[in-house]
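Residue numbers (UniProt numbering): 1 to 346.
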Ligand SMILES: C[S@@+](CC[C@H](N)C(=O)[O-])C[C@H]1O[C@@H](n2cnc3c(N)ncnc32)[C@H](O)[C@@H]1O
């Protein structure tokens, strides 16, 4: 536990390695294992036994050997490593998205941020790092057990409770209005199923100019939230984006993108609070954009049983009967050829 007036968590990110710290050990195959250091502790694997004392009191970035001469590179896990290996209840926001959320929402040291839901606390850690010890993050969560997981993860990361963090059990659609001063919140960050339910609350608590960023997993959520923000007034034109990250293989002349990537995590929607009684600036290009029909709106709200989620409503390409027949013909032709290939006994 930090006893000095240095920033919270700094003692776990720099300096010599101490008992109680987590370290990441990487072997020559690139396999990573994370252990908690203890005086006199041992790490047993089928490669042999590694004495913790060979690491304790020394710097990170060293290579140590176990009793059988098997070597490991020793490093503290970074925030990205920590988040991807920490205990999870709900799905975590991936580091690529947390990084962009901090940037997009302009989270600054000393800011007062409202977050919901807490889930496993991954995003909370990034928000707390960005607001620092002088800032505050009030995180609203419906489920007590998720809040408990998140508290464990946040304390494990900072090595103590963060002075700026307050987890509040409650519905983000209603609780913040009861617990935050109107117009007192600098930034709102939501990662929950139905962020549009929070629209009246966000309008009440967010300061003029304040940024609201929502992370949603599907385009239907993105679309509904954007339309409801537009319809509500009080906010700037919402902006949507997604972050794609492609890692690369670097090996001599074989320099190319990796074969696998996380292809989809979520979408980010951002908007800013206007001052009271101000109307959003009408953007000219919006005149050309089709307004959602009452049927579309009813479909998003789930109130119209009759609404069809068909291609026409979703404005996706409609395949004509003629084109479909042609495709059937081609498929049958290819299948017929394939059936002509003799099957030989083994
Ligand atoms: C995907 S998780 C959040 C993950 C979190 N951002 C992280 O990085 O670990 C969504 C969370 O929102 C919570 N939630 C859903 N609706 C909510 C509401 N109306 N008020 C508060 N929390 C809510 C869920 O219980 C769940 O824990």
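Glycine included, every Cβ here is placed at the ideal spot set by N, Cα and C.
Rounded C-alpha distance that separates residue i from residue j
{"i": "residue 132", "j": "residue 69", "result": "43 Å"}
{"i": "residue 200", "j": "residue 235", "result": "11 Å"}
{"i": "residue 168", "j": "residue 196", "result": "20 Å"}
{"i": "residue 88", "j": "residue 284", "result": "45 Å"}
{"i": "residue 293", "j": "residue 299", "result": "10 Å"}
{"i": "residue 117", "j": "residue 278", "result": "29 Å"}
{"i": "residue 59", "j": "residue 15", "result": "7 Å"}
{"i": "residue 309", "j": "residue 97", "result": "Per-residue confidence for residue 309 stands at a pLDDT of 48, beneath the threshold of 50, marking its modelled position as unreliable; no derived number is given."}
{"i": "residue 174", "j": "residue 51", "result": "53 Å"}
{"i": "residue 77", "j": "residue 217", "result": "27 Å"}
{"i": "residue 368", "j": "residue 46", "result": "The shown model of the chain, from 1 to 346, leaves out residue 368, and the question about it has no answer."}
{"i": "residue 183", "j": "residue 135", "result": "16 Å"}
{"i": "residue 334", "j": "residue 248", "result": "37 Å"}
{"i": "residue 355", "j": "residue 101", "result": "Since the displayed the chain opens at 1 and closes at 346, residue 355 lies outside it and no answer follows."}
{"i": "residue 194", "j": "residue 212", "result": "15 Å"}
{"i": "residue 1", "j": "residue 160", "result": "Model confidence at residue 1 stands at a pLDDT of 48, short of 50, so the residue's coordinates are unreliable; what they give is reported in the following sentence. If I take the Cα positions, the gap works out to 6 Å."}
{"i": "residue 104", "j": "residue 22", "result": "31 Å"}
{"i": "residue 242", "j": "residue 233", "result": "24 Å"}
{"i": "residue 255", "j": "residue 221", "result": "38 Å"}
{"i": "residue 338", "j": "residue 327", "result": "16 Å"}
{"i": "residue 314", "j": "residue 262", "result": "Its pLDDT being 48, under 50, residue 314 is placed unreliably by the model, and the measurement read from it follows with that caveat. Roughly 26 Å separates the two Cα atoms."}
{"i": "residue 250", "j": "residue 29", "result": "15 Å"}
{"i": "residue 73", "j": "residue 44", "result": "16 Å"}
{"i": "residue 49", "j": "residue 34", "result": "15 Å"}
{"i": "residue 291", "j": "residue 240", "result": "17 Å"}
{"i": "residue 282", "j": "residue 202", "result": "22 Å"}
{"i": "residue 265", "j": "residue 7", "result": "32 Å"}
{"i": "residue 147", "j": "residue 198", "result": "19 Å"}
{"i": "residue 214", "j": "residue 99", "result": "14 Å"}
{"i": "residue 38", "j": "residue 145", "result": "29 Å"}
{"i": "residue 231", "j": "residue 170", "result": "26 Å"}
Cβ-heavy atom distance, residue i to ligand 1, below 8 Å
{"i": "residue 218", "result": "no"}
{"i": "residue 157", "result": "no"}
{"i": "residue 197", "result": "yes"}
{"i": "residue 143", "result": "yes"}
{"i": "residue 191", "result": "yes"}
{"i": "residue 41", "result": "no"}
{"i": "residue 152", "result": "no"}
{"i": "residue 91", "result": "yes"}
{"i": "residue 28", "result": "no"}
{"i": "residue 132", "result": "no"}
{"i": "residue 171", "result": "yes"}
{"i": "residue 146", "result": "yes"}
{"i": "residue 222", "result": "no"}
{"i": "residue 118", "result": "yes"}
{"i": "residue 124", "result": "yes"}
{"i": "residue 99", "result": "no"}
{"i": "residue 194", "result": "yes"}
Rounded distance between the beta-carbons of residue j and residue i, thought under 8 Å
{"i": "residue 83", "j": "residue 95", "result": "6 Å"}
{"i": "residue 269", "j": "residue 206", "result": "Going by Cβ atoms, the distance from residue 269 to residue 206 rounds to 15 Å, so no, they are not a contact pair."}
{"i": "residue 185", "j": "residue 210", "result": "6 Å"}
{"i": "residue 127", "j": "residue 93", "result": "Between residue 93 and residue 127 the Cβ distance is about 10 Å, and since that is not below 8 Å, they are no contact."}
{"i": "residue 180", "j": "residue 138", "result": "7 Å"}
{"i": "residue 24", "j": "residue 75", "result": "5 Å"}
{"i": "residue 156", "j": "residue 120", "result": "The pair is not a contact, with the Cβ atoms about 12 Å apart (cut-off 8 Å)."}
{"i": "residue 187", "j": "residue 107", "result": "6 Å"}
Classification of residue i by the beta-carbon crowding that lies within 10 angstroms, buried from 16 upward
{"i": "residue 257", "result": "exposed"}
{"i": "residue 111", "result": "buried"}
{"i": "residue 166", "result": "exposed"}
{"i": "residue 57", "result": "exposed"}
{"i": "residue 271", "result": "buried"}
{"i": "residue 150", "result": "buried"}
{"i": "residue 162", "result": "buried"}
{"i": "residue 62", "result": "exposed"}
{"i": "residue 219", "result": "exposed"}
{"i": "residue 141", "result": "buried"}
{"i": "residue 341", "result": "exposed"}
{"i": "residue 153", "result": "buried"}
**OP:** With a floor of 3 residues, list each beta strand (DSSP E) that falls wholly inside the region 93 to 123, ordered by position along the chain.
**Re:** If one requires a minimum length of 3 residues, the beta strand (DSSP E) runs lying completely within the region 93 to 123 are 112 to 116, in chain order.
**OP:** Within the region 209 to 233, note down every full alpha helix (DSSP H) run reaching 4 residues or more, in order along the chain.
**Re:** 219 to 232
Subject >> Minimum length 4: unbroken alpha helix (DSSP H) runs contained in the region 127 to 185 >> reply: 144 to 158 and 175 to 179
**OP:** At 3 residues or longer, and completely inside the region 14 to 58: list those beta strand (DSSP E) runs for me, N to C.
**Re:** Within the region 14 to 58, the complete beta strand (DSSP E) runs of at least 3 residues are 22 to 26, 32 to 36, 42 to 45 and 48 to 51.
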